[in-house]
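One structure below.
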Amino acid sequence: MLPYVYRVTKYDPSDRDGHGHYTGAEDTVSDHGQVEGAYLQAIEAFAADTGIERLTVREPHLPVPFVNFGLEPPMDGFGLDGLFPTGLDGFHDGADVSVGTAMDLVRVMLRGGGAWCRLEVEDTFTVHVGWDQYMYIGSSRPCEAAVARTRALGLFPERIDASPYDFEAEDEGPQRPADDEFWAQLRWSMAGTNARVLEEQSAYNLARWHRLTPDNIDTIRAGLAPRARLAIWPDLSSDIDAVLASLPAEGHVECVWQGRDGQMHSATADEDEFAELATRLSCASAAMILSMHADDRVPLLAAVLPDSDGVVRARWEIDPTPSTQQWAFLKTLHRGEIVTGRVTRIADFWVTFVDIGGFEAMINIPELSWRPFNHPSDVVAVGQEISAEILDVDVIRERVSLSLKALHEDPMPLLVELIGQTIVGRITKLVPFGVFVRIEQEENGFEGLVHNSELAEGRSDHQQLSVQVGDALPVKVLAIDPARRRITLSHRQAVSAGQEEPGA
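Numbering (our numbering), first residue to last: 6 to 509.
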């Protein structure tokens with residue numbers, strides 16, 4: 006907050022009642038003449054005293070639903086025509102304007118045409134125009150000369166603690182930047198889902214619509230207004246009759262459609278205007294209906310364009326979406342971090358899913374255990390609380406990969422000391438090229454391969470040896486490769502060693 010704030014009005018403070026309400030004869034609209042000019046000259050005086058030559062547009066607004074308030078005659082372009090080289094697109098958060106252009110914006114606000122914004126220089130200067138031509142000027146300096154000049158102009162500057170139009174942050178959701186990561190996720194979504202329509206909002210109540218394709222997305226991105234709020238919606242439907250049939254019995258909706266010329270359009274309507282809306286859609290090639298109720302109006306993705314340095318400075322309140330909430334959560338996770346969660350399900354393809362705080366992460370089969378198992382349920386159970394290490398966080402695909410075995414030491418290297426020893430194990434599996442034998446007593450003990458060539462002298466395979474699953478088989482441990490998860494065994498050498506022992 007700035008240390009020096011003045012309420013500047015044409016209303017004499019002596020003409021207020023005990024409740025602070027003005028009781029004098031001054032009109033609450035602009036006179037388009039001397040008084041209005043006095044307001045503008047007062048701002049120029051304060052700007053000069055503060056050393057300000059340029060200001061920044063913050064939180065630009067246009068009226069809802071694009072109508073005049075009725076206090077003044079309607080103004081073309083809400084009074085903004087000619088103020089910005091790019092038209093209404095130039096009226097965006099962060100727009101840098103001269104003091105002269107700032108005066109033009111103040112004039113528009115004094116005349117109540119509907120366009121409104123805060124004019125600020127961070128930590129230095131502010132100009133806010135309120136209802137009934139109340140104006141608030143803040144400065145980092147006392148501006149004695151400007152105060153005297155304002156009085157000389159016939160206005161009344163009053164020192165106050167703060168402007169009632171100072172920005173107050175609401176309980177904002179996560180401010181996701183529309184950075185390269187966001188656009189990569191959008192491209193991925195376009196390939197796998199129906200995400201195709203981009204809503205670009207550069208000022209409150211001012212939106213442009215774009216229908217995205219893989220070929221035009223880069224061009225559209227390059228043409229977006231600075232600091233715009235973006236929302237991604239499902240694609241339009243070419244079945245116009247079905248779109249019209251989805252209109253509610255009553256209430257306000259927004260209709261977005263594409264004309265046969267490729268141009269995008271939007272309009273708000275209630276039940277009394279649905280017939281007119283249907284007429285307009287007769288020339289549409291595709292359309293969709295969106296609810297005007299915030300709880301029902303949930304886009305697929307939402308973000309805000311950052312400045313060139315990657316920082317989001319627009320003070321939009323992001324539309325709440327599950328994707329944005331997930332993005333904010335995923336940004337708190339890091340590889341190597343240990344998380345605790347509850348097993349929610351084991352998919353048909355054996356991937357195990359774990360709830361780690363409202364987000365379902367996954368454990369792929371190789372990351373469940375160092376030891377062999379027949380099914381994930383041999384290692385974990387649905388409902389079980391487990392701890393696991395984060396292997397990867399994929400914000401684009403909204404995936405988190407976990408490892409349960411990463412929290413445990415690999416027991417296989419401890420078996421290296423068995424190399425050269427002869428042990429008796431149980432056959433667990435018969436395969437065309439040999440048999441697998443468990444070399445540990447426990448149920449999920451490690452298994453090694455006895456190749457057909459190592460079964461017995463003169464025996465080419467296990468069929469000739471007549472062994473079955475569950476049979477005990479003496480084997481010699483020839484090699485253990487922990488990296489490749491391979492244990493090589495020999496029954497033939499185990500038998501040979503046993504035959505040699507009596508004559509030793």
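Here a beta-carbon is modelled for each residue, glycine too, at the ideal position from N, C-alpha and C.
Its Cα nearest to that of Arg213, the residue Leu93 stands out among Gly346, Gly56, Leu93, Thr61. Taking the Cα of Ala200 as reference, the smallest distance to any Cα among Lys434, Tyr16, Leu305 is reached at Leu305. By the neighbour-count criterion, in which 16 or more other beta carbons inside 10 Å mark a residue as buried, Val134 falls on the buried side.
Shown here for Ser290: same chain residues with a beta carbon closer than 6 Å to its own, the five before and five after excluded, namely Gln263, Arg265 in chain order. Here Ala502 is actually not in contact with Val429; their C-beta atoms are around 13 Å apart, not less than 8 Å. Annotation for Asp240: Asn199, Arg201, Val202 place their beta carbon closer than 7 Å to its own, counting only its chain and skipping 5 residues before and after. Less than 8 Å divides the Cβ of Ala150 from the Cβ of Asp54.
When only Cα atoms are considered, Arg489 and Asp244 end up about 56 Å apart. Look at the stretch 182-263 and you find these whole runs of alpha helix (DSSP H), each 4 residues long or longer: 185-197, 222-227, 245-250. Rounded to whole angstroms, Thr28 and His257 show a C-alpha spacing of 39 Å. Between the stretch 225-233 and the stretch 333-347 there are fewer than three inter-stretch CB-CB distances shorter than 8 Å, so the stretches are not counted as touching. According to DSSP, residue pairing for Tyr9 in a beta bridge involves Ser144.
Beta bridge pairing from DSSP links Ala274 with Val258. In the same chain as Thr329, and ignoring 5 residues on each side of it, the C-beta atoms closer than 8 Å to its own belong to Gly178, Pro179, Arg181, Leu306, Ala307, Ala308, Ile323, in chain order.
In the same chain as Ala272, and ignoring 5 residues on each side of it, the C-beta atoms closer than 6 Å to its own belong to Cys260, in chain order. Assigned with DSSP and collapsed to three states, Ile57 falls in coil, not helix or strand. Between the C-alpha atoms of Ile294 and Leu252 there is a straight-line separation of about 7 Å. Each residue's CA atom was taken as its position, placing Leu45 and Arg285 some 43 Å apart. Listed in chain order, the alpha helix (DSSP H) elements of length 4 or more contained wholly in the stretch 371-439 amount to none. Counting only the Cα atoms, Phe187 lies some 11 Å from Ile237.
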